[in-house]
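Down below is the structure, laid out as structure tokens.
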Amino acid sequence: MIERDQINTRYKELYGQDPDVIAKSPGRINIIGEHTDYNEGFVLPTAIDKAIYVALGKRSDNEIHLYAEDFKESFQTTIEEIAPTQISWPNYILGVVNQLLERNLTISGFNLYIDGDIPVGAGLSSSAAVECAVGYGLNHVYNLGLDRVSIAKIGQLAEHTYAGVKCGIMDQFASVLSKTGHVIRLDCRDLSYQHIPLALGDYEIVLLNTNVKHSLASSAYNDRREACEQAVSWVQEKYPTVKSLRDVTMEMLDELVAPINQEIYIKSRFVIQENIRLNKACEALIQGDIIELGKHMFLAHDALSKEYEVSCEELDFLVDQAKLMDDVVGARMMGGGFGGCTINILKKGAGQHLVSRIAPAYQEKFNLELTAIFVATDNGTQII
Ligand code: GLA
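82 is the number that our numbering gives to position 81 of the sequence shown; each next residue is one higher, with no gaps.
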């Protein structure tokens, strides 16, 4: 956690006055259900106690001044000149501003300071947290009247247009709408959701960070999305009412996709089965059967790795090692893939042991440090 005073002080040092508002938006974990969101399926995420903090103050002109503490870097533009930039970090902010302008909402220039404690590149959705903190903060300062779901959607579109990743809604939704102690069972078709208690009994969650992010992550992500859309369009030729993989049955896939393209068949079958796994896992969580929940996580990892092919050697190694330990009931890669973290469910208090068992072998094999991230759940975006 970063103290409010610290953010306020830094903003004042940079811009010479107090900010109008400080917004905080958290990173997220996801218990199960990957690559289902952009196929109108289900996800089971929640916010964590690591967040992005954005301090904002109105200006009397049309200039936008940004400063990112992580990079010790500033960036400047104007409302009229907003466009994607070569430097990566401002895009998550400017993309949101652009979405507000697209909706004909009126804002003036502003000063913005950003800091956070979500490890970048760990698959904990720091970029979604930036988008949501900025959207929420600007909504507050300019009284734009946006509800939480709209702020999540604006963040998602900012990612599409300014970061070039055609992501689903999971990360932004979790950042904005989470409730501490609960996970969100979100239906990504109509955005209906329930908060389900994350009651793990004698178990706890530990993340293991591979500390790698392979460069093909965003292009492979968009490729997967295209493969799913292709499958849908083949099914639609016979079943025109089908809108997404959510409406597609295994029989339809067997009949209409398998004969044309085996790879696309396997990818879309994964999505259908991942939704089924999520529903079973969620039922197990509600029943308090954490061992059963864990089994579905291991199965999900296998399928993400071998069928959807979004894992990598480092992630597979961590899940294989975790599987060997009696205290671990479930583990899998989390998020988009190609690096980032695994999520592990294990006996309370066994986390340190897990890390000290796996870290030396991981270092030896990949010449990389393994870091453990202990997380607690948290509420969604707020003004602090
Ligand atoms: C990334 C995307 C999400 C989701 C996951 C995979 O985190 O931003 O929308 O698709 O990958 O489940």
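C-beta: ideal position from N, C-alpha, C; glycine also.
- If you measure from each CB to the nearest heavy atom of the ligand GLA, the residues under 5 Å come out as E35, H36, D38, C168, G169, M171, D172, G336 and G337.
- In this structure, N63 keeps its C-beta atom at 8 Å or more from the C-beta atom of T47.
- Here the C-alpha atom of S61 lies approximately 7 Å from the C-alpha atom of S109.
- With fewer than 16 other CB atoms across the displayed protein chains lying within 10 angstroms of its CB, F375 is exposed.
- Shown here for I53: same chain residues with a beta carbon closer than 6 Å to its own, the five before and five after excluded, namely S26, G117, A130, V131 and A134 in chain order.
- Within the same chain, Cβ atoms closer than 8 Å to the Cβ of R225 are found at H36, K268, Y309 and V311, the five residues on either side in sequence being excluded.
- DSSP, read as helix, strand or coil, puts P198 in strand.
- Counting only runs of at least 4 residues, the segment 174–218 fully encloses no alpha helix (DSSP H) element at all.
- When secondary structure is reduced to three states using DSSP, E160 falls in the helix class.
- Using a Cβ-Cβ distance cut-off of 8 Å, the segment 332–341 and the segment 300–308 are in contact, since at least three pairs of beta carbons, one from each stretch, lie closer than that value.
- By alpha-carbon distance to N40, the top candidate from N105, C168, F72 and Y68 is C168.
- CA-CA distance, I344 to T211, rounds to 11 Å.
- Distances from the alpha-carbon of A360 to those of G182, A323 and T378 put A323 closest.
- Within the segment 305–339, the complete alpha helix (DSSP H) runs of at least 4 residues fall at 314–324.
- About 7 Å separates the CB atoms of L371 and V356; that is less than 8 Å, so the two are in contact.
- When secondary structure is reduced to three states using DSSP, Y240 falls in the coil class, being assigned neither helix nor strand.
- Around the beta-carbon of A24, 16 or more other beta-carbon atoms lie within 10 Å, marking it buried.
- Going by DSSP, E284 is part of no beta strand (DSSP E) but of the alpha helix (DSSP H) stretching over Q263 to Q288.
- If you ignore the 5 residues before and after K59, its C-beta comes within less than 7 Å of the C-beta of D21, S109, F111 and V142, all in its own chain and listed in chain order.
- Of the candidates D321, Q7, E252 and D71, D71 places its Cα closest to the Cα of S128.
- For the segment 107–169, the full-length beta strand (DSSP E) segments reaching 3 residues or more read 111–117 along the chain.
- Excluding residues up to 5 positions away in sequence, I33, H297, L300 and A301 lie with their Cβ nearer than 7 Å to the Cβ of R278 in the same chain.
- For H354, the enclosing alpha helix (DSSP H) starts and ends at G352 to F367.
- For N280, same chain residues with a beta-carbon under 8 Å away, outside a window of 5 residues either side, are F43 in chain order.
- In summary, V233 is buried, with 16 or more beta-carbon neighbours lying within 10 Å of its beta-carbon over all protein chains present.
- Around the beta carbon of E275, 16 or more other beta carbons sit within 10 angstroms, so the residue counts as buried.
- Looking at the DSSP output, L57 sits in a beta bridge with V22 and L113.
- In the DSSP assignment, Q87 falls outside any alpha helix (DSSP H) and carries neither an H nor an E.
- The criterion of a C-beta distance shorter than 8 Å is not satisfied by R270 and L257.
- In the DSSP assignment, T382 falls outside any beta strand (DSSP E), carrying neither H nor E.
- Shown here, G341 sits in a strand according to DSSP, grouped into three states.
- Approximately 5 Å separates the beta-carbon atoms of G136 and V97; this is inside 8 Å, confirming the contact.
- Excluding its 5 nearest sequence neighbours in each direction, L347 has C-beta neighbours in its own chain below 7 Å: Y204, E205, V207, D328, V329, V330 and L355, listed in chain order.
- Bounds of the beta strand (DSSP E) holding L67 are E64 to A69.
- Annotated as proximal: I49 and G28, with beta-carbon spacing under 8 Å.
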